[in-house]
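To start, the structure itself, in structure tokens.
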Amino acid sequence: MKARIVKIVSKDYTLQLEDGSRVVASMMGKVRRQDRPVAGDLVEAEETDGVYAVSKILPRHSRLIRPAVANVDQALIVMSVKDPDFSTALIDRLSVLIRFADVSPVLIVTKCDLGIPPETEAAIREYEAGAIPVLRTAKDTLDPELAGILKGKISVLTGQSGAGKSSLLNTLDPTFRLATQEISKALGRGKHTTRHNELHEVDGGLVADTPGFSSIDFTGITKYELASLIPDFVPYLGSCRFNDCIHQNEPGCGIKKAVEEGKISRTRYNNYLQILQIILDRKEKYI
Ligand SMILES: Nc1nc2c(ncn2[C@@H]2O[C@H](COP(=O)(O)OP(=O)(O)O)[C@@H](O)[C@H]2O)c(=O)[nH]1
Ligand SMILES: [Mg+2]
Ligand SMILES: [Zn+2]
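Under this note's numbering, the letters of the sequence shown match residues 36 to 322, in that order.
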């Protein structure tokens, strides 16, 4: 049967079966040697007299390192309009890291009930006109577009502490808060249980319990591929005079032309140049 690994604690693998029930399984030795299984892995499992064992890990479509979760479909970038401040630099950096992991970014703008400063409103509108899906939320109100966003998917939340990640999950699924309390109670007080990456069921989807992409370095991303990780740039790639253009100082650059013509946001481009500089300044070069 097919199943999904939702939790790993030492040699115990919690599987979610196709009917939604959870069982604890062991891992066959040949599988452990083949590749380190992680939460999110889709597996082939066998059952004999109620004892489950994983016999195979199925191919992954994405693999995150922090947290170590396989097959993540989307990363929700949770960004508040204030408290903490809205930051396009942070959104654009996270979005590059998310796309590099083969995961789709979604921008969730929170705390819209606090009043949106005009420059923040302008920045949000540029995202709404761009390629990444954008949703706005306010305290305790569930935008119909947001309802069901987790359904049938594996999601990771990212964004500054205090941006409203936990609140968002609770708004999406009011039973979730209760569930987490029950889980911590079940673990018992004073017991040293290492928290491995666990996928929680929230509103019909699976959500990693650890926020993702907390450390922002761009290791492994080359100066040539950076632009392809920015969705708003993609339509203009290939329109540059030089095919090794890094869209910085080169003549005949299609990206810079699109910025001049107002087709790409100047903020997106300036944030791109900052990330590019980090990559160019890096000691170890991936060329
Ligand atoms: N006014 C307002 N406050 C919010 C909203 N979402 C979260 N908060 C508050 O912001 C604080 C941090 O939220 P939390 O969900 O814990 O953020 P996290 O650190 O990203 O998980 C809490 O005091 C929340 O009540 C919102 O949409 N509007
Ligand atoms: Mg939180
Ligand atoms: Zn160019």
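Think of the CB as a built atom: it goes at the ideal place given N, C-alpha and C, for glycine as much as any other residue.
DSSP state of residue i mapped onto helix, strand, coil
i, result
"Glu285", "coil"
"Ser90", "strand"
"Thr49", "strand"
"Ala293", "helix"
"Val58", "strand"
"Glu79", "strand"
C-beta contact flag for residue i and residue j at 8 Å
i, j, result
"Asp208", "Asp244", "no"
"Val113", "Leu203", "yes"
"Thr145", "Ala198", "yes"
"Lys91", "Glu82", "no"
"Asn232", "Ala74", "yes"
"Leu149", "Lys200", "no"
"Thr206", "Leu177", "yes"
"Ile314", "Leu132", "no"
"Leu170", "Ile143", "yes"
"Ala110", "Thr193", "yes"
"Gln283", "Leu308", "yes"
"Ala103", "Arg95", "no"
For residue i, the nearest candidate out of the options (CA to CA)
i, options, result
"His97", "Ser45, Phe253, Lys188 and Arg212", "In the sequence under discussion, the amino acid at residue 97 is Ser, which differs from the His named in the question. That would be Lys188, whose Cα lies nearest to the Cα of Ser97."
"Pro119", "Gly255, Gln309 and Ser196", "Ser196"
"Leu241", "Asp108, Arg212 and Arg101", "Asp108"
"Glu154", "Thr302, Gln309, Ile310 and Leu308", "Thr302"
Heavy atom of ligand 2 within 7 Å of residue i beta-carbon
i, result
"Ser201", "yes"
Cβ-heavy atom distance, residue i to ligand 3, below 7 Å
i, result
"Gly289", "yes"
"Cys147", "no"
"Glu79", "no"
"Ala285", "At residue 285 the sequence reads Glu, which differs from the Ala that was named. Result yes, Cβ under 7 Å from ligand 3."
Chain-order list of residues whose beta-carbon lies under 6 Å from that of residue i (same chain, five-residue window excluded)
i, result
"Thr49", "Val41, Lys42, Arg57 and Val59"
"Pro266", "Ala166 and Ile167"
"Cys275", "Cys288 and Gly289"
Near ligand 5: residue i beta-carbon under 7 Å from a heavy atom
i, result
"His282", "This structure simply doesn't include ligand 5; it includes ligand 1, ligand 2 and ligand 3 instead."
Residue i: CB within 7 Å of a non-hydrogen atom of ligand 1
i, result
"Val113", "yes"
"Thr245", "no"
"Ser196", "yes"
Beta-carbon contacts of residue i that lie in its chain and below 8 Å, excluding the five residues immediately before and after
i, result
"Tyr271", "Gly289, Ile290, Lys292, Ala293, Lys298 and Ile299"
"Met62", "Lys46, Tyr48, Pro72, Ala88 and Val89"
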